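Have a look at the structure below, then the notes.
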Amino acid sequence: MYLELVTPDKKVYQGEVSIATMPGAEGSFQILNNHASMISSLSKGTLSFQDEDQFHEMTIDGGVVEILNNEIIILAESIIE
Numbered sequence: 103m104y105l106e107l108v109t110p111d112k113k114v115y116q117g118e119v120s121i122a123t124m125p126g127a128e129g130s131f132q133i134l135n136n137h138a139s140m141i142s143s144l145s146k147g148t149l150s151f152q153d154e155d156q157f158h159e160m161t162i163d164g165g166v167v168e169i170l171n172n173e174i175i176i177l178a179e180s181i182i183e
């Protein structure tokens with residue numbers, strides 16, 4: 103799957119991932135290959151994903167995710183450090 107993570111300031115990540123977990127408004131959920139198309143709001147919480155080389159984990163301050171044809175686009179309000 104292709105993941106693109108964007109904040110209002112910059113593009114944080116783009117590349118192939120095997121799994122992504124994010125904080126939905128109703129609780130966290132996982133996205134695997136061939137996931138059904140959907141759009142969801144995100145709440146403040148931990149976003150994690152696995153690419154070929156490593157596991158990434160960061161805290162976002164809400165946002166929106168769109169999943170379509172094995173492409174995940176996350177528009178996060180901000181990344182909390």
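When we follow the working numbering, the leftmost residue of the sequence shown carries the number 103, and every step to the right adds one.
A virtual CB, placed ideally from N, CA and C, is assigned to each residue, including glycine.
The model shown is predicted, which means the values in this text are computed figures rather than measured ones.
With 16 as the cutoff for other CB atoms within 10 Å, does A127 come out buried or exposed?
On the sequence shown, position 25 is the one that residue 127 refers to. It counts as exposed.
Residues bridged to Q156 (per DSSP)
For this step, residue 156 is matched to residue 54 along the sequence shown. Looking at the DSSP assignment, Q156 forms no beta bridge with any residue, so it has no partner.
Inter-residue CB distance, D153 and S180 (contact presumed, cutoff 8 Å):
To locate residue 153, count along the sequence shown from 1; it is residue 51. To locate residue 180, count along the sequence shown from 1; it is residue 78. In fact, because the Cβ distance is near 22 Å, the residues do not count as touching under 8 Å.
Have a look at I169, L177 and V119 and flag the residue whose alpha-carbon is nearest the alpha-carbon of S145.
Taking the sequence shown and counting its residues from 1, the one referred to as residue 145 is at position 43. Considering only alpha carbons, the answer is L177.
Please identify the residue among E168, I175, P110 and T123 whose C-alpha is closest to the C-alpha of G147.
Residue 147 sits at position 45 when you count from the first residue of the sequence shown. Of the listed residues, the one whose Cα sits closest to G147 is T123.
Taking the Cβ atom as the reference point for each residue, do M140 and L149 lie within a distance shorter than 8 Å?
Reading the sequence shown from its first residue, position 38 is the one you call residue 140. Reading the sequence shown from its first residue, position 47 is the one you call residue 149. Taking 8 Å as the Cβ cut-off, M140 and L149 do not qualify as a contacting pair.
Closest by C-alpha distance to N135, when choosing among N172, D111 and K112
Position 33 of the sequence shown, counted from the first residue, corresponds to residue 135. Of N172, D111 and K112, the residue nearest in Cα terms is N172.
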